[in-house]
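Read through the structure below, which is laid out as structure tokens, and then see the notes.
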Amino acid sequence: MHALTLASFLFFTGLVAFITWRITRRDDHSTSSGFFLAGRSLTFPLIAGSLLMTNLSTEQMVGLNGAAFSDGLSVMAWEVVAVIALVALALFFLPRFLRSGIATLPQLLELRFDKTTQLITNIIFLIAYAVILLPIILYSGAMGLQGMLDLQGLTGIESPTVLLWLTVWLVGLIGSVYALFGGLRTVAVSDTLNGVGLLVGGFVIVYFGLQAVSSDGGILEGWAILKESDPEMLNSIGTSEQQVPFATLFTGVFLINLFYWTTNQQIIQRTFAAKTLAEGQKGVLLTGFFKLLGPLYLVLPGIIAFHLYADQGVRADEAYGHLVFNVLPAPLTGFFAAVMVGAILSSFNSALNSTTTLFSLGFYKVVLNKDASEAQVVRSSKVFGWIMAVAAMTIAPLLAGQESLFGYLQKMNAIYFIPILAVVLVGLLTRRVPALAAKVALVGGCLLIFAGYFIPPFDRLPVVMHEFHFVASVFVLLVAVMLLIGRLRPRETAWVHEDSGAVDLTPWRGAIPAGIVLVILVIAIYAAFAG
1 MHALTLASFL FFTGLVAFIT WRITRRDDHS TSSGFFLAGR SLTFPLIAGS LLMTNLSTEQ
61 MVGLNGAAFS DGLSVMAWEV VAVIALVALA LFFLPRFLRS GIATLPQLLE LRFDKTTQLI
121 TNIIFLIAYA VILLPIILYS GAMGLQGMLD LQGLTGIESP TVLLWLTVWL VGLIGSVYAL
181 FGGLRTVAVS DTLNGVGLLV GGFVIVYFGL QAVSSDGGIL EGWAILKESD PEMLNSIGTS
241 EQQVPFATLF TGVFLINLFY WTTNQQIIQR TFAAKTLAEG QKGVLLTGFF KLLGPLYLVL
301 PGIIAFHLYA DQGVRADEAY GHLVFNVLPA PLTGFFAAVM VGAILSSFNS ALNSTTTLFS
361 LGFYKVVLNK DASEAQVVRS SKVFGWIMAV AAMTIAPLLA GQESLFGYLQ KMNAIYFIPI
421 LAVVLVGLLT RRVPALAAKV ALVGGCLLIF AGYFIPPFDR LPVVMHEFHF VASVFVLLVA
481 VMLLIGRLRP RETAWVHEDS GAVDLTPWRG AIPAGIVLVI LVIAIYAAFA G
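According to the working numbering, the stretch in the sequence shown is residues 1 to 531, in order.
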């Protein structure tokens, strides 16, 4: 069984690498535009595929299914509410981003405020990606692979710690090669190929999982058994004891989703590379449609695992790997493990590509070497990328023992998500708020949320009012402070958002109708499973 699993794993991994190389081997990787923005050439299928796969890594597959193992269907909020954020990206944010002709979000803040605001935002992103995002992707990926491929049995390594370190470093090195030698288009193409495999594999696991629930009586019977035996796990409305209480959908959960999909460099960089605004909008809204399917392969398997293994002492973040290993036939286990490696690589190399973009265009070219040539900028990104990769591979194994990986990720992300979102929104919606307000919000917001999580007595606040309500309160406070500073010390002249002429800004005619349909479907899904 191990030989068959390993053979199918190596075949699919090699196939994706070969096809990606064939498609992108003649791409321009020597200039900033070619390396960081794929020469502004991405069409909607590549944008949708890359958005989906950058988001869909093992912190989603393992973490969200692990959260569903504990709390049931209510955790689907992270998938379904994302659709509303994607509609906001397509209709409000993307036209403004493309008008600016930017490659990084901090560049927008430089245009709107000043260079110091851009520098502060860059530093916040770089620290967050190095300490939070990249290590979590590698750790969750290693945990998922260990469960799926039974790496302990395959390698003969008895020590879980040694195995974790080896898996993290192997995945990290492969991902670094993709990101640092290929550029954004290589990342986007490999993402799209792996995305197809992941969607197919995700639904195949649901099929075999429901078969296991019904003891091969069919998937409909399996679904009926789930509904009858665990009705509380199929309720879309979260209770106050669960990770995502229903009320938080309208506060912190919505804001974290909004930042993630509209102002997170790792995600939106592929939309900056859109050929036209219309192509970008189509790609973003197509991603929204696929996110509606997310609960089927990112939440339902966790509920199936709860039904099958809840009495066997399986931990939440081990549930998904355990299910895959037990219900899939050996060749399909290898195929799915290969797809999962693709998902890990795609999130890791996308985050690494965005990190190097932020460093090279926002720090190296602005602070360290203002007269740098195109070749020097690209070279600096590769050197810095390797430094970040090694740091992430060193930190990742130290995350072992977190109770809920996905919950930990959302909590840590809020520290920098909320202040940056507040600054971007106020910046785009007002004309007179000065750079001082942005700096106060960025630094003060990060310190406030950090204090609320880790420093007594402030750490009582998230307990008293739920941490998602707490971060939403900080968001409202930051917006109010920025508007107050804008009233007391406004800019001398109103900011004018000029068109850079980088891309055609003609919107897609179907964007607004498609957005309305997606929002209606979100409401319908919640209503259908409200218990």
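Note that CB positions come from ideal geometry on N, CA and C, so glycine has one too. Small disclaimer: the values here were computed from a predicted structure and weren't measured.
Rounded to a whole number of angstroms, what is the C-alpha to C-alpha distance between GLY445 and PRO245?
24 Å
In whole angstroms, what separates the C-alpha of LEU64 from that of LYS370?
43 Å
In or out: ALA422 buried (at least 16 other Cβ within 10 Å) or exposed?
buried
When the Cα atoms are used, what is the spatial distance from ASP459 to ALA278?
45 Å
Can you list, in chain order, the residues of its chain whose CB lies under 7 Å from that of LEU91, leaving out five sequence neighbours each side?
ALA511, ILE512, GLY515
What are the boundary residues of the alpha helix (DSSP H) that LYS275 is part of?
No alpha helix (DSSP H) holds LYS275; DSSP gives it neither H nor E.
Anyone know if the C-beta pair for SER236 and ALA524 falls short of 8 Å?
no
ASP71 burial status per 10 Å Cβ neighbour count (16 or more: buried):
buried
The region 115-125 contacting the region 422-440, beta-carbon criterion three pairs below 8 Å:
yes
May I ask you to list the residues that DSSP assigns as paired with LEU42?
ALA274
If contact is defined by three or more beta carbon pairs under 8 Å, each pair taking one atom from either stretch, is the region 102-111 in contact with the region 314-327?
no
Around the C-beta of SER240, are 16 or more other C-beta atoms found within 10 angstroms, so that it is buried, or is it exposed?
exposed
Tell me which same chain residues have a C-beta within less than 8 Å of the C-beta of LEU226, skipping the five on either side of it?
LEU210, VAL213, MET233, LEU234, ILE303, ILE304, HIS307
With DSSP collapsed to three states, give me the class of ASP71.
helix
The alpha helix (DSSP H) spanning HIS307 covers which residue range?
300-309
Tell me the start and end of each unbroken alpha helix (DSSP H) in the region 63-128 that is at least 4 residues and wholly inside, in chain order.
77-88, 94-100, 105-112, 115-128
Can you name the residues that DSSP bridges to ASP504?
THR276
So, are the CB atoms of THR357 and GLN281 less than 8 Å apart?
no
Would DSSP call THR430 helix, strand or coil?
coil
Within this structure, are the beta carbons of VAL81 and ASN264 separated by less than 8 Å?
no
Does the region 95-102 come within contact of the region 488-496, defined as at least 3 CB pairs closer than 8 Å?
no
Proximity to GLY283 [Cα-Cα], best of LYS291, THR271, GLY294
THR271
Taking the straight line between their C-alpha atoms, what separation do you get for ALA392 and LEU361?
21 Å
To the nearest angstrom, report how far apart TYR207 and ILE219 are at their CA atoms.
6 Å
Mind checking whether PHE289 and LEU518 have CB atoms under 8 Å apart?
yes
Within 10 Å of its beta-carbon, does ALA68 have 16 or more other beta-carbons around it, so buried, or fewer, so exposed?
buried
If we call anything under 8 Å between Cβ atoms a contact, is PRO135 one with ILE415?
no
Cα-Cα, which of ARG431, LEU345, VAL503, LEU51 is closest to THR167?
LEU345
What is the C-beta distance between LEU170 and GLN146, in whole angstroms, given that I count them as a contact (C-beta under 8 Å)?
Wrong, their Cβ atoms sit about 12 Å apart, outside the cutoff.
On the criterion of 16 or more Cβ atoms from any shown chain inside 10 Å, does ALA142 qualify as buried, or is it exposed?
buried
Rounded straight-line distance, which links the Cα of PRO434 to that of ALA274
30 Å
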